[in-house]
Structures are given as structure tokens and as C-alpha cells.
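>
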Amino acid sequence: MNQSRSNYFFTLILLLALSSCSSIEIFKENTEIPVRRPYKSFVIINQEVGMRGFSSQFIDQQVQIHLQEALEAEGLVYDKTEPELVIRYTSNEDLRKRENTQTFNSYPFWGYRVWDPWMYNPYSNNRNNTSTTNYELVQVIVDFIDQKEDKLLMTLTGVTEVSSEKTKSRRVLKTTDKIIEYFLYEIKESQ
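Printed below as a string of C-alpha cells:
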């Protein structure tokens with residue numbers, strides 16, 4: 001009984017730790033026509049035209065390869081001449097700053113009195129510490145276009161925060177995975 005309880009507790013802690021990672025949010029926008037039929041072929045227009053969707057050429061190439069491999073793994077065929085589905089992607093990379101304030105609560109027992117002996121302690125810094133951290137808000141925007149009707153099926157936007165250049169590529173690919181997963185879910189639900 002004790003062993004199963006500790007296994008349950010460990011699993012609960014592990015799930016909590018995995019779910020507490022920084023989030024990726026997916027938004028569905030600009031739906032002109034509903035998804036009606038299963039698609040068998042696709043083309044990535046950025047690859048054919050030579051249009052970059054990201055500021056970094058390396059990340060742009062990774063996203064192209066990742067999109068193509070993920071859709072081919074689901075049974076779609078890459079067709080340059082007569083595709084049923086046209087995919088176009090762009091990004092919005094916005095540098096931002098976040099202000100972190102650490103307050104020092106030195107009044108657990110004394111209250112906010114003027115005669116507090118710890119208020120002006122020369123050996124401790126009782127002031128509020130404020131620091132600024134830089135991060136980048138990255139939006140991966142993927143348009144899915146029906147070639148036959150020449151209308152937009154949907155625009156999926158994945159939003160995530162990136163704190164360093166090292167993690168940017170990994171976070172963008174995870175966001176792309178979530179977008180593809182959402183699109184494939186929409187296709188399967190329409191059938």
C-alpha cells in the first residue's frame with residue numbers, strides 16, 4: 001500500500017513538473033471556408049518562392065523541413081505542380097522587457113512602526129531589488145490555403161516566449177509541432 005502511494009505521489013509530482021514548463025498557445029483565426037475534405041498533397045510556398053518567414057535563416061530552414069516531414073509522416077505528398085493544400089508561414093519576433101521586483105519583508109513581528117530596530121540595519125539591504133530581464137515573444141503564423149477554391153482554410157498562430165537564442169530554435173519547432181497537431185486534428189474531425 002505504501003509503495004503504490006509513493007508511486008502515485010512521484011507520478012503526480014512528475015506530471016506537475018512537466019506541465020509547468022513555459023506554455024505555447026495556439027490561436028485559430030481567419031477561417032474563410034470550413035475543412036471539408038481530406039487533403040492528399042501540399043506545397044510550402046515559402047520554399048518554392050524563396051521567402052523567409054524568420055529573421056534567422058537557420059530557423060527558417062528548420063521550420064520548412066519540420067513542416068514537410070510532419071505532413072509527409074501523416075500521408076500527405078509534397079507536390080509542387082498540383083497541390084491541394086498551400087502552406088505559407090511567417091513569424092513575428094518581438095523583443096520585450098520584464099521587470100522583476102523582489103520585495104524584502106522585514107516586518108514579520110514589528111509591523112510598520114517608525115521605531116522598528118531592524119529598519120535601518122547597516123548589515124542588511126532592506127530596499128526593494130528590481131531587475132530587468134529581456135525576452136522575445138515569438139509568434140509562428142501558418143496559413144493553410146485550399147488551392148481549388150483559392151480561399152483560406154485557417155490561420156493558426158502559435159505564441160511562445162523565448163529567453164535566449166539557444167532555446168529559440170527548440171521553442172519554435174515545438175510551436176510548429178503544436179500547430180501541425182492542431183491542423184491534423186481539424187482535418188480528422190471534419191471527416
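Under UniProt numbering, the first residue of the sequence shown carries the number 1, and numbering increases by one thereafter.
No residue lacks a Cβ here, since even glycine has one placed at the ideal position from N, Cα and C.
1. In angstroms, rounded to a whole number, what distance separates the CA positions of Ser-23 and Lys-40?
2. Going along the chain, which unbroken runs of the alpha helix (DSSP H) with 4 or more residues stay wholly within the UniProt domain "DUF4136" (39-183)?
3. Would the segment 143-154 and the segment 77-86 be scored as touching if the rule is three or more Cβ pairs under 8 Å?
4. If you check the beta carbons only, do Val-138 and Ile-179 fall under 9 Å apart?
5. Ile-26 lies in the beta strand (DSSP E); which residues open and close that run?
6. In its own chain, which residues sit with a C-beta less than 7 Å from the C-beta of Ser-55, not counting the 5 before and 5 after it?
7. Inspect the beta-carbon positions of Val-172 and Gln-68 and report whether they are closer than 9 Å.
8. Going by C-alpha distance, which of Val-43, Glu-99 and Pro-34 is nearest Asn-129?
9. Closest by CA to Glu-186, which one among Met-154, Val-159 and Tyr-78?
10. Alpha carbon to alpha carbon, what distance is there between Gly-50 and Glu-72?
This is what the structure gives:
1. 32 Å
2. Complete alpha helix (DSSP H) runs here, min 4: 45-49 and 57-73.
3. yes
4. no
5. 25-29
6. Glu-93
7. no
8. Glu-99
9. Met-154
10. 21 Å
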